[in-house]
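> One line per chain: the protein sequences are A and B, in this order. Counting from 1, position 178 in the first sequence corresponds to residue 178 in our numbering; the numbering is continuous, with no gaps. Counting from 1 along the second sequence, just add 181 to a position and that's the residue number in our numbering.
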Amino acid sequence: MAHIAVPAGVPGIRSLALFRPETAKPLYELAQVLLREPSSLSPAERELIAVHVSTRNGCVFCASSHAAAARELFGEVRAVVDEVIAGGAPAELSPKMKALLVIAGQVQQSGRAVTPEAVAAARAEGADDREIHDTVLIAATFCMFNRYVDGLDTLTPTDPQTYAEMGRRLSTVGYAPPKSA
Amino acid sequence: MAHITLPENLPGIRGPMAFRPETAAPLNQLAEILLRGESTLTRGERELIGTYVSSLNDCFFCQNAHGCLAQHYLQCDMAFIDQVKRDYTVTPLSDKLKALLAIAASVQRGGKFVTAA
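1) Considering only C-alpha positions, which residue in the set A:Leu35, A:Val33 and A:Ile132 is nearest to His184 of chain B?
2) Assuming Gln256 of chain B is part of the alpha helix (DSSP H), what are its boundary residues?
3) Along the region 13-39 of chain A, what residues have a CB closer than 8 Å to any CB found in chain B?
4) Could you pull out every residue in the same chain whose Cβ sits closer than 7 Å to the Cβ of Glu72 of chain A, ignoring the five residues on either side in sequence?
5) Can we say the region 21-37 of chain A touches the region 250-262 of chain B, given the rule of at least three CB pairs closer than 8 Å?
6) Rank A:Gln32, A:Ile85 and A:Arg14 by C-alpha distance to the C-alpha of Val173 of chain A and give the top, closest one.
7) Please report the residue range of the alpha helix (DSSP H) in which Met166 of chain A lies.
8) Kindly list the residues whose CB is nearer than 8 Å to the CB of Gly9 of chain A, restricted to its own chain and excluding five residues on each side of it in sequence; keep chain order.
9) Helix, strand or coil, according to DSSP, for Leu27 of chain A in the structure here?
10) Count the other C-beta atoms from every protein chain shown that fall within 10 angstroms of the C-beta of Met97 of chain A, then say buried if there are 16 or more, exposed otherwise.
11) Would you report the Cα separation of Ile262 of chain B and Ala205 of chain B, rounded to the nearest angstrom?
12) If the cut is a Cβ gap below 8 Å, which residues of chain A does Leu282 of chain B touch?
13) Do you know how far the Cα of Gly151 of chain A is from the Cα of Ala280 of chain B?
14) Using a C-beta cutoff of 7 Å, does His66 of chain A count as contacting chain B?
15) Closest by CA to Ala118 of chain A, which one among A:Val102, A:Gln108, A:Ala127 and A:Asp129?
16) Any chance the region 104-123 of chain A sits against the region 260-276 of chain B, with 3 or more Cβ pairs inside 8 Å?
17) Classify Asn190 of chain B as buried or exposed, calling it buried when 16 or more other Cβ atoms lie within 10 Å of its own Cβ.
18) Report back the beta-carbon spacing between Ala127 of chain A and Leu93 of chain A to the nearest angstrom; my notes put them in contact at under 8 Å.
19) Quick check on Ala86 of chain A: buried or exposed, where buried means 16 or more other Cβ atoms within 10 Å of its Cβ?
20) Report, in whole angstroms, the separation of the C-beta atoms of Ala50 of chain A and Phe74 of chain A, which I expect to be a contact under 8 Å.
21) For Thr232 of chain B, does the count of other Cβ atoms within 10 angstroms reach 16, so buried, or fall short, so exposed?
22) With a threshold of 16 other CB atoms inside 10 Å of the CB of Ser40 of chain A, please say whether the residue is buried or exposed.
23) Flag this pair as yes or no: are the beta carbons of Tyr175 of chain A and Ala68 of chain A separated by less than 7 Å?
24) Is Val234 of chain B buried or exposed, if buried means 16 or more other CB atoms sit within 10 Å of its CB?
25) Gly193 of chain B CB to nearest chain A CB: under 7 Å?
26) When the distance is taken between beta carbons, is Leu30 of chain A closer than 7 Å to Arg46 of chain A?
27) According to DSSP, is Pro95 of chain A part of a helix, a strand, or is it coil?
28) Could you name the residues of chain B that Ile132 of chain A contacts, counting a contact when the two beta carbons are closer than 8 Å?
29) For Lys270 of chain B and Gly88 of chain A, what's the separation of their Cα atoms in angstroms?
30) Does any CB atom of chain B fall closer than 7 Å to the CB of Leu48 of chain A?
31) Does the Cβ-Cβ distance between Pro7 of chain A and Ser15 of chain A come in under 7 Å?
32) To which residues of the same chain is Leu282 of chain B closer than 6 Å at the C-beta, ignoring the five residues directly before and after it?
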């Protein structure tokens, strides 16, 4: 049972979006800009940042749904998603991406935990200001989403198939607030 | 020096917002709705929640920017804002707002720290 009266049977952030459409609009727009709109980081790489942060925050709904989206988007090399969840640094990921995941992990601890050394390491692997900015903002945004979803104790499905369907929707349609349950 | 090259002389969040207007738009819309849109909580109460969480996060810019806004809306002095940050339970804030600040403090630690009781 969620802490507030959200629509029954609707999981995670979708139940909160139906409860409060006014705030859902900018939240979903932020996700769409950060994870789907043009960027030198692929949507798969950006979803991986979301997965990494959500996993470390222990948010099962966010980690599972974005992991499903990332698996769809990575296609043949989808195994990297589960390697990152397990705490690894898969060889299939670029050195730049691995360095950006380190920065994202620091943001998950605290904004003030981001070190100049981690930023310099990402730069040395070719990351530019925009990629560093977006990595920090994706990580910070998911710290917010994770707290929002778990702070109101929303419905967290346990069936992997439910997440696989979400992953297919997120990888094809992207982020749009739900119109009804 | 910021970690990335931002427009000069813009403090706090204003630097990254000028750097990346595409993300600034929804972020500003969200803040506008949450802190200034229609609500049964006053603007002062909502700014105080922002101030308190920013203080717990040790974010100097946010706690001071929103602390000054809260001070303005609540028509109190900064000593009162500082007291809320130190220990809101001993202030004359309403019991409802104190209970909401307790929830906000739990959210600051992590979503799962928010309890039903």
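Here a beta-carbon is modelled for each residue, glycine too, at the ideal position from N, C-alpha and C.
Walking through what the data contain:
1) Position 3 of the second sequence, counting from 1, holds the residue named residue 184 of chain B. Residue A:Ile132 is the option with its Cα nearest to His184 of chain B.
2) Position 75 of the second sequence holds residue 256 of chain B. Gln256 of chain B -> no alpha helix (DSSP H), and no H or E assigned at all.
3) Glu22, Thr23, Lys25, Pro26, Leu27, Glu29, Leu30, Val33, Leu34 and Glu37
4) Within the first sequence, numbered from 1, the residue matching residue 72 of chain A stands at position 72. Result list for Glu72 of chain A: Gly167, Arg168 and Ser171, in chain order.
5) no
6) Within the first sequence, the letter at position 173 stands for residue 173 of chain A. Nearest of A:Gln32, A:Ile85 and A:Arg14 to Val173 of chain A, Cα basis: A:Gln32.
7) Sequence index remark: in the first sequence, residue 166 of chain A carries index 166 (1-based). Here the alpha helix (DSSP H) through Met166 of chain A covers Pro160 to Thr172.
8) What you label residue 9 of chain A is simply residue 9 of the first sequence in a count that begins at 1. Cβ neighbours of Gly9 of chain A beyond the five flanking positions: Leu155 and Ala181.
9) Residue numbering aside, residue 27 of chain A sits at position 27 when the first sequence is read from its first letter. Of the three classes helix, strand and coil, the one that applies to Leu27 of chain A here is helix, per DSSP.
10) Position 97 of the first sequence holds residue 97 of chain A. It is buried - the Cβ of Met97 of chain A has at least 16 other Cβ atoms within 10 Å.
11) Counting from 1 along the second sequence, the entry for residue 262 of chain B is found at position 81. Counting from 1 along the second sequence, the entry for residue 205 of chain B is found at position 24. Using only the alpha carbons, I get a separation of about 28 Å.
12) Numbered from 1 along the second sequence, position 101 holds the residue referred to as residue 282 of chain B. Within chain A, no residue comes near Leu282 of chain B; the closest Cβ sits about 14 Å away, beyond 8 Å.
13) By one-based count along the second sequence, residue 280 of chain B stands at place 99. By one-based count along the first sequence, residue 151 of chain A stands at place 151. Spanning the two alpha carbons is a distance of roughly 15 Å.
14) In the first sequence, counting from the first residue as 1, residue 66 of chain A sits at position 66. It does not; no Cβ of chain B falls within 7 Å.
15) Within the first sequence, the letter at position 118 stands for residue 118 of chain A. Of A:Val102, A:Gln108, A:Ala127 and A:Asp129, the residue nearest in Cα terms is A:Val102.
16) no
17) As a position in the second sequence, residue 190 of chain B is number 9, starting the count at 1. Exposed, since its Cβ has fewer than 16 Cβ neighbours within 10 Å.
18) Mapped onto the first sequence, residue 127 of chain A falls at position 127. Mapped onto the first sequence, residue 93 of chain A falls at position 93. Rounded, the Cβ-Cβ distance is 13 Å, inconsistent with contact.
19) Mapped onto the first sequence, residue 86 of chain A falls at position 86. Flag for Ala86 of chain A reads exposed.
20) Looking up residue 50 of chain A in the first sequence gives position 50. Looking up residue 74 of chain A in the first sequence gives position 74. Going by Cβ atoms, the distance from Ala50 of chain A to Phe74 of chain A rounds to 13 Å, so no, they are not a contact pair.
21) What you label residue 232 of chain B is simply residue 51 of the second sequence in a count that begins at 1. Burial call: buried.
22) To locate residue 40 of chain A, count along the first sequence from 1; it is residue 40. Ser40 of chain A is exposed by the Cβ-count criterion.
23) For the purposes of this step, residue 175 of chain A is identified with residue 175 of the first sequence, where counting begins at 1. For the purposes of this step, residue 68 of chain A is identified with residue 68 of the first sequence, where counting begins at 1. Taking 7 Å as the Cβ cut-off, Tyr175 of chain A and Ala68 of chain A do not qualify as a contacting pair.
24) Position 53 of the second sequence, counted from the start, is the residue given in the question as residue 234 of chain B. Under this definition Val234 of chain B is a buried residue.
25) In the second sequence, counting from the first residue as 1, residue 193 of chain B sits at position 12. Taking Cβ atoms only, chain A never reaches closer than 7 Å to Gly193 of chain B, which makes this a no.
26) Taking the first sequence and counting its residues from 1, the one referred to as residue 46 of chain A is at position 46. Taking the first sequence and counting its residues from 1, the one referred to as residue 30 of chain A is at position 30. Against a cut-off of 7 Å, the Cβ pair of Leu30 of chain A and Arg46 of chain A comes out as no contact.
27) Stepping through the first sequence from its first residue, residue 95 of chain A is reached at position 95. Note: Pro95 of chain A maps to helix in three-state DSSP.
28) What you label residue 132 of chain A is simply residue 132 of the first sequence in a count that begins at 1. Under the 8 Å cutoff, chain B gives His184 and Ile185.
29) By 1-based counting over the second sequence, the position of residue 270 of chain B is 89. By 1-based counting over the first sequence, the position of residue 88 of chain A is 88. According to the sequence as given, residue 270 of chain B is Thr; it is not Lys. If you take the alpha carbons of Thr270 of chain B and Gly88 of chain A, they lie about 44 Å apart.
30) As a first step, residue 48 of chain A must be located in the first sequence, where it is residue number 48. By this cut-off, Leu48 of chain A is not an interface position.
31) On the first sequence, residue 7 of chain A is found 7 positions in, with the first residue counted as 1. On the first sequence, residue 15 of chain A is found 15 positions in, with the first residue counted as 1. Contact flag set, yes.
32) Along the second sequence, one-based indexing puts residue 282 of chain B at 101. Once the five neighbours on either side are set aside, the close Cβ partners of Leu282 of chain B are Tyr233 and Tyr269.
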